[in-house]
Amino acid sequence: MAKMKVKGRPRKRASKSNALFLVCGVLGIIVAALPTVIVICVGMIPTAVAYIIDLTPGRYATRCVAGLNVAGVVPFLEKLWMSGNDMYSAIAIVTDVFAWLSFYVASGIGWLMFLGLPGMVASFKTYNAKRKANHLRERLEVLKEEWGEEVTGNPQEAADALRAELENAAAPEGGKQPSPA
244 MAKMKVKGRP RKRASKSNAL FLVCGVLGII VAALPTVIVI CVGMIPTAVA
294 YIIDLTPGRY ATRCVAGLNV AGVVPFLEKL WMSGNDMYSA IAIVTDVFAW
344 LSFYVASGIG WLMFLGLPGM VASFKTYNAK RKANHLRERL EVLKEEWGEE
394 VTGNPQEAAD ALRAELENAA APEGGKQPSP A
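When you line the sequence shown up against this note's numbering, it's residues 244 to 424, in that order.
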């Protein structure tokens, strides 16, 4: 039998009108919410830098920095929205030293998390594995006392121990062993 080629549905290409619609929508949002966009663009500079320099698969540094950078920007967005959402308030926030401190401290904490947490997690896992191995060794000793050497999982040691027991049990009381014939 010859194999038949199964043709899937052809992929739809994004048309130029869809791209134009998307660009117009984004530009409309930027114009309508220009003060908010300015605060977000200036406040999220550390995330943009993290995105540019992060080459790790999955971009985990960017994720850590972005999450905490957003946490540093949101209080100033609330301040902007509560004060009327105008350009004067946006420029006041962008030129405020404490706003910049908040943006950069929050993103710095994100970098510290990215750099520090993997080592801490590895240390914790290593400690936990050693603790579990010690517990299993103690349990093995209890089982050896209860069931004998056969439970060790080492068949050669168990066979040697069993052979020694059998030889001791089969030996005559006079001390002479029968010759193997």
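Positions of the beta carbon are idealized from the N, C-alpha and C atoms, including for glycine.
Which whole-angstrom value is the C-beta distance of residue i and residue j, which I expect to be below 8 Å?
i           : j           : result
residue 346 : residue 289 : 6 Å
residue 348 : residue 315 : 7 Å
residue 280 : residue 336 : About 13 Å separates the two Cβ atoms, so there is no contact after all.
residue 303 : residue 357 : 6 Å
Secondary structure at residue i, three-state DSSP: helix, strand or coil?
i           : result
residue 414 : coil
residue 396 : coil
residue 376 : helix
residue 260 : helix
residue 276 : coil
residue 391 : coil
Problem set entry | Segments assigned alpha helix (DSSP H), at least 4 residues, entirely inside the stretch 293 to 368 | Listed in chain order, the complete alpha helix (DSSP H) runs (minimum 4 residues) inside the stretch 293 to 368 are 303 to 325, 330 to 337.
Exercise. If we count Cβ pairs, one from each stretch, closer than 8 Å, do we get three or more for the stretch 307 to 316 versus the stretch 263 to 277?
Worked result: Flag = no, the stretch 307 to 316 and the stretch 263 to 277 do not touch.
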